[in-house]
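**Student:**
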Amino acid sequence: MTEEPLPAPPGPDAPDDWYARAPEDVAALLGVDPAAGLSAARAAELLLAHGPNALPEEKPPPAWRRFLDQYRSYMQIILVVAAVVSFLIQQWSTGILLVLLTLLNAVVGLRQEGKAESAMNALKSMMKVTARVRRGGAESEVPAEELVPGDVVLVAAGDQVPADGRLVEAHALQIDESALTGESVPAVKDAGTLPRGTRRPGPGDLPNSAFMNTTVTHGSGVLLVTGTGADTELGKISGMLSATAKEQSPLTRELNNLTLWIAAAAGLTMIVMFALGRTRGQAWDTLFVSAVSLAIAAIPEALPTVTQVILSVGSLNLARRSAIVKELPSVETLGFTSAINSDKTGTLTLNQMTAVEVVTPTDRYTVSGTGYALEGRIHHAAGSSAGIEDAILPYLVASDAGLVDGEVVGDPTEGALLVLGHKAGLDIDGTRARLPRIATLPFDPDYKLMATFHTAADASGRPVVRCFVKGAAPAVTSRAATALSAGEGIPWDAELQSRAQEQIERMGSEGRRVMAAATRDLDPAAFDPDGDLLALVTGLRMTSLVAMVDPPREESRTAVAEAQKAHIRVRMVTGDDVTTGAAIARQLGIPGEAILGADFAALPESEQLARIDGIGVVGRVAPEHKVLLADTLKKKGEVVAMTGDGVNDAPAIKAADIGIAMGSGTDVAKNAGRMILSDDNFATIVHAVAEGRKLYDNLTKYIRFVLLLLVAFVLTFLGATVLNIAAGEPFSPAQVLWVHFVVNAPFGFALGFDRESPGLMRRMPRPRGESVLTRPVLVTVGLGGLALTVLLLALIKVGEARFGSAGTGNAMAFTAFALCLIVAAFECRSETESVLTTSTFDSKQMNRAALCEFVLAVLVTQVDGFRSVLGTTRIDLRQFGWALLAAVVLLLLWEAGKLLARRARSRAGTVAVPDPGRVAA
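Numbering (my numbering), first residue to last: 15 to 935.
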């Protein structure tokens, strides 16, 4: 017995041009006889060498690791350091409080992380199938995981392809590759050899290959396994998923930068504090207490919690509208979205072929209704024929599909033609019963048609064998001799052929798939059902042409228009050809050039960046092309959303700033995405963007407010140190935490849930990388914080000088701080609009928060429990008046600044745009 030759090595050393090799050459390279298959021993040896036909399983990090990861943020690190220092100087209560605060932040972060990454696990679960193989000269079923390169696999209609392979036999074979390539119709397969090109074709351009996790819809075939596990097309996508890191959301980056800036300012203040303190003879422990107070003051402890709550409520609002957000920062990322790369099939379209037009030699009919829904009618657009039945009969009879309880069973294209027959009022089952089938010529990619032969009778009642033919329009028309016109045959002459070709080209240019139907009557005595049936498919009588299309969703048209009004560019990214994509794009109102994905990828990077703005449709895209498109747009400064539902969409969904998967799509796409549309409705994306803009707009108001608070804290401590006021510690740690959590947090929620600003969805999206610390924000918080600092330090000195008590001064300043923050909260709703209008009080949340804070500002110095915890002193009405005066002064100064800003804008001749934080009364 001769030893089987070694197969080609797997992985990167394996040939990638199986498609360009003849079947016998592929078998020789793999060391297998297709008629017998591998021996059991050889299969076991190869399985040991190559490993199982499975993708690597993604393991989520352990719980302890995810918990420790919550302490990698700058804010958490600073709080931990402050807690350690507190314990070292025996400030036990402050240290314990800070530790509890870090634990709270960590728990909140863990709860909001969403699902752990499981895209590759979903890919693996999709592979749990069995395969029919030839091994040792016999057929058997084995688990798909045990397949190896060189295995001979047999597939038939309904089977899932278990591995990548080169077809060596194909009998009317069609495979649904939509999840991998985005093609809206099953791919026709054959065993031919393709020419070797300069670059390897994508999966959608390899008719002699089959790919893992695709489904056979028609016919049968035999393939030689050339790739398993990670070496398959699916495995490449898995590798792209693991190699693509998710980026931080814009808000997360802003908060990290903000923390660093504030920490740097606080660090500089501490240096000054220690330097001056030591020159004045202050003890180290006193200085460390002041430093801890400053550290607590300079860190926005309540900011993470407030932000998480605001985003959580926003995600609940989105969920009610069928948009499920897996990661909370994605809610605000939506607000930045400036480009949407949308998959066509199943996202912008129904992913259901629909017959929309029928053309006969004398008539044209249009068909209403979409998808496989049976509702719809056939409209007679021109001509004089009384009915359409004879014209479309071959589509219904030469078919293996069926309609069961209104659902299509079988090939989707045949199903669409059955729906056409139902709309025409034909009894499909009754018609088939009246015409018993006696032979079938299956569809084959070589002759591109299908023919069935039936027992029938001609017009005179004479028995005949009637041949019904349907197939690609050029294939059928080239075999025609006559055409059906008003029940009679007319010659298929040059004029009729020319007219038919014009119709075919017209419908094709509209992105429609064109098929043709014909008949021929044969003599029963001469008919041999086991003979050469293809030879009988000549001299046909043409009955009709039919145009089919995967129609756009009605709601997609409106959604695209709404996105464009919001200055968001929508692009169609599809596995279909560019002609079909461009036709659908025109119907949806998507402008721009149509280009092949491979052609775009072949461009130099500079030209990619130059041309991307003018591109509206990208066809025949491979997964790496989709990632390239997202990366190119990011380099242009766009914030990119990618929608899709197939395995082939997953890498780009993950690479995008906001990946959006369809609820009916594959688990791979859903696990790779950050948001899932449970209703598969493109229009839901527009609502999600609106919600994202509103949330980010409101969070910006809160960030202005909290920045003012932090600046005031740092400047107050710095001023107290430099001027030697209150021994450099104007507020205690407990008072600082009170301001952060009891004053700051409620106003944070109120601002975060503020009403939507008018015209929000007509504004330009915020540019990628644009800081929240814009010049107007810096001026506002800088001047406001400085004014507040002067007022607070002045009140401390007034308490010491006028009322003879540092404790009274501290209590007056602490009360004034709360009252001034009430003013600041209302002022931060707008950068330029005055609060001296009735619209100031149009927010119930703000009004309630202001009332509660005013009451608490009184109670903190009047109630023993508050005074004990916060270390405050009771103040009388006159002293409270001083605190209230500080708030009034801040209000007047702020309004004066806004007045100057409005006048400056008016002098510059700019047109006032509705302010982000204001709503007209």
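Glycine included, every Cβ here is placed at the ideal spot set by N, Cα and C.
1) Is DSSP giving N355 helix, strand or coil here?
2) Starting from K484, trace the beta strand (DSSP E) both ways and give me its first and last residue.
3) Please state if the CB of A740 and the CB of A734 are separated by a distance shorter than 7 Å.
4) List, from N- to C-terminal side, the alpha helix (DSSP H) runs of 4 residues or more that fit wholly inside the stretch 406-457.
5) Verify whether the separation of the beta carbon atoms of A561 and M521 is less than 7 Å.
6) Bridge partners of M556, per DSSP?
7) Measure from the alpha carbon of A471 to the alpha carbon of each residue in A489, P450, H394, then state which is nearest.
8) Distance check for L602 and A575, CA to CA, integer angstroms please.
9) May I ask you to report which of helix, strand or coil DSSP gives S234?
10) Tell me the rounded alpha-carbon separation between G3 and G385.
11) What is the DSSP secondary structure of E371, counted as helix, strand or coil?
12) Suppose you measure from the CA of L238 to the CA of E155; what does that come to, to the nearest Å?
13) Determine the DSSP secondary structure at V156, reduced to helix, strand or coil.
14) Considering Y379, what are the terminal residues of the beta strand (DSSP E) in which it resides?
15) Starting from D190, follow the beta strand (DSSP E) in both directions and report where the run begins and ends.
16) Roughly how many whole angstroms lie between the Cα atoms of L137 and D245?
17) Going by CA-CA distance only, name the one from N712, V883, L330 that's closest to V750.
18) Would you mind sorting R917 into buried or exposed? The rule is 16 or more other CB atoms within 10 Å of its CB.
19) Tell me Q174's beta-bridge partners as DSSP assigns them.
20) Could you give the C-beta distance for T533 and F482, rounded to a whole number, given that I count them as a contact under 8 Å?
21) Output the boundary residues of the beta strand (DSSP E) element that contains E607.
22) Apart from the five residues on each side of it in sequence, which residues of its chain come closer than 6 Å, Cβ to Cβ, to R527?
23) When DSSP labels each residue in this structure, what does E619 get in the three-state scheme?
24) Assuming contact is defined by CB atoms lying nearer than 7 Å, are V169 and P48 in contact in what I supplied?
25) Assuming contact is defined by CB atoms lying nearer than 7 Å, are A759 and V113 in contact in what I supplied?
26) Based on DSSP bridge pairs, tell me the residues matched to R583.
27) Buried or exposed: which applies to M226, given that a residue is buried once 16 or more other Cβ atoms fall within 10 Å of its Cβ?
28) Report the three-state DSSP secondary structure of E502 (helix, strand or coil).
29) In three-state terms, what does DSSP make of T466?
30) Measuring straight from C-alpha to C-alpha, what distance separates V166 and P157?
31) Less than 7 Å between the C-beta atoms of G630 and I604, yes or no?
32) Given a cut-off of 7 Å on the beta-carbon distance, is the pair T887 and L806 in contact?
33) Cβ of A337 within 7 Å of Cβ of T698?
34) If you drop the 5 nearest sequence neighbours on each side, which residues of the same chain put their C-beta closer than 6 Å to that of W908?
35) Starting from the C-beta of A863, find all residues in its chain whose C-beta is less than 8 Å away, skip the five residues before and the five after it, and write them out in chain order.
36) So G164 and L52 are supposed to be a Cβ contact under 8 Å. How far apart are they, rounded?
**Tutor:** Reading off the structure:
1) Taking the first residue of the sequence shown as position 1, residue 355 is located at position 341. In the structure shown, N355 sits in a strand (DSSP, three-state: E or B).
2) Residue 484 sits at position 470 when you count from the first residue of the sequence shown. Looking at the DSSP string, the run of the beta strand (DSSP E) that includes K484 is 477-486.
3) Stepping through the sequence shown from its first residue, residue 734 is reached at position 720. Stepping through the sequence shown from its first residue, residue 740 is reached at position 726. Pairing A734 with A740 gives a Cβ-Cβ distance under 7 Å.
4) Taking only runs of at least 4 residues, the alpha helix (DSSP H) segments lying wholly in the stretch 406-457 are 426-437, 442-448.
5) Against the sequence shown, residue 561 aligns to sequence position 547. Against the sequence shown, residue 521 aligns to sequence position 507. Their beta carbons are under 7 Å apart, which means A561 touches M521 by this criterion.
6) For the purposes of this step, residue 556 is taken as residue 542 along the sequence shown, with counting starting at 1. M556 is bridged to A497, A532.
7) As a working mapping, residue 471 is identified with position 457 in the sequence shown. Comparing Cα positions, the closest option is P450.
8) Here the question's residue 575 lines up with position 561 in the sequence shown. Here the question's residue 602 lines up with position 588 in the sequence shown. Looking at the two C-alpha atoms, the distance is approximately 8 Å.
9) As a working note, residue 234 is residue 220 in the sequence shown. S234: strand per DSSP, three-state reduction.
10) Lying before the first or after the last residue shown, residue 3 is absent from the chain, which here runs from 15 to 935.
11) Within the sequence shown, the letter at position 357 stands for residue 371. In this structure, E371 counts as strand in the three-state DSSP scheme.
12) Sequence index remark: in the sequence shown, residue 238 carries index 224 (1-based). Sequence index remark: in the sequence shown, residue 155 carries index 141 (1-based). Their backbone Cα atoms lie some 15 Å apart in a straight line.
13) Locating residue 156 in the sequence shown gives position 142, where the first residue counts as 1. The answer is strand: DSSP assigns V156 an E or B state.
14) Here residue 379 corresponds to residue number 365 of the sequence shown, with the count starting at 1. That run of the beta strand (DSSP E) goes 378-381.
15) Taking the sequence shown and counting its residues from 1, the one referred to as residue 190 is at position 176. Going by DSSP, D190 is part of the beta strand (DSSP E) stretching over 178-190.
16) For the purposes of this step, residue 137 is taken as residue 123 along the sequence shown, with counting starting at 1. For the purposes of this step, residue 245 is taken as residue 231 along the sequence shown, with counting starting at 1. Its pLDDT being 41, under 50, L137 is placed unreliably by the model, and nothing is read from it.
17) As a working note, residue 750 is residue 736 in the sequence shown. Among N712, V883, L330, the Cα nearest to that of V750 is on V883.
18) Sequence index remark: in the sequence shown, residue 917 carries index 903 (1-based). Only exposed fits R917, as fewer than 16 other CB atoms lie within 10 angstroms of its CB.
19) Here residue 174 refers to the residue found at position 160 of the sequence shown. Bridge partners of Q174: T229.
20) Residue numbering aside, residue 533 sits at position 519 when the sequence shown is read from its first letter. Residue numbering aside, residue 482 sits at position 468 when the sequence shown is read from its first letter. Sure, about 6 Å apart at Cβ, within 8 Å.
21) Locating residue 607 in the sequence shown gives position 593, where the first residue counts as 1. Residue range 607-610 is occupied by the beta strand (DSSP E) that includes E607.
22) Mapped onto the sequence shown, residue 527 falls at position 513. For R527, where only same-chain residues beyond five positions count, the Cβ hits under 6 Å are M562.
23) Indexing the sequence shown from 1 puts residue 619 at position 605. E619 falls in the helix class under three-state DSSP.
24) Translated into positions along the sequence shown, residue 169 becomes position 155. Translated into positions along the sequence shown, residue 48 becomes position 34. No, the Cβ-Cβ distance between V169 and P48 is not below 7 Å.
25) In the sequence shown, the residue the question calls residue 759 occupies position 745. In the sequence shown, the residue the question calls residue 113 occupies position 99. Inclusion of A759 and V113 in the CB contact set at 7 Å is not warranted, their separation being larger than that value.
26) Here residue 583 corresponds to residue number 569 of the sequence shown, with the count starting at 1. Paired residue(s): A353.
27) In the sequence shown, the residue the question calls residue 226 occupies position 212. So M226 ends up on the buried side.
28) To locate residue 502, count along the sequence shown from 1; it is residue 488. Three-state DSSP puts E502 in a strand.
29) Residue 466 sits at position 452 when you count from the first residue of the sequence shown. DSSP places T466 in strand when its eight states are reduced to three.
30) Locating residue 166 in the sequence shown gives position 152, counting from the first residue. Locating residue 157 in the sequence shown gives position 143, counting from the first residue. Spanning the two alpha carbons is a distance of roughly 14 Å.
31) Here residue 630 refers to the residue found at position 616 of the sequence shown. Here residue 604 refers to the residue found at position 590 of the sequence shown. It is a contact, given that the beta carbons lie within the stated cut-off.
32) One-based indexing of the sequence shown puts residue 887 at position 873. One-based indexing of the sequence shown puts residue 806 at position 792. Against a cut-off of 7 Å, the Cβ pair of L806 and T887 comes out as no contact.
33) To locate residue 337, count along the sequence shown from 1; it is residue 323. To locate residue 698, count along the sequence shown from 1; it is residue 684. Yes; because the gap between Cβ atoms is below 7 Å, this pair is in contact.
34) The count along the sequence shown starts at 1 and reaches residue 908 at position 894. Within the same chain, W908 has close Cβ partners E841.
35) By 1-based counting over the sequence shown, the position of residue 863 is 849. Counting only residues of its own chain and dropping the five nearest sequence neighbours on each side, A863 has a CB closer than 8 Å to the CB of P760, F761, F763, A764, A839.
36) Against the sequence shown, residue 164 aligns to sequence position 150. Against the sequence shown, residue 52 aligns to sequence position 38. The Cβ separation is near 5 Å, so the contact holds.
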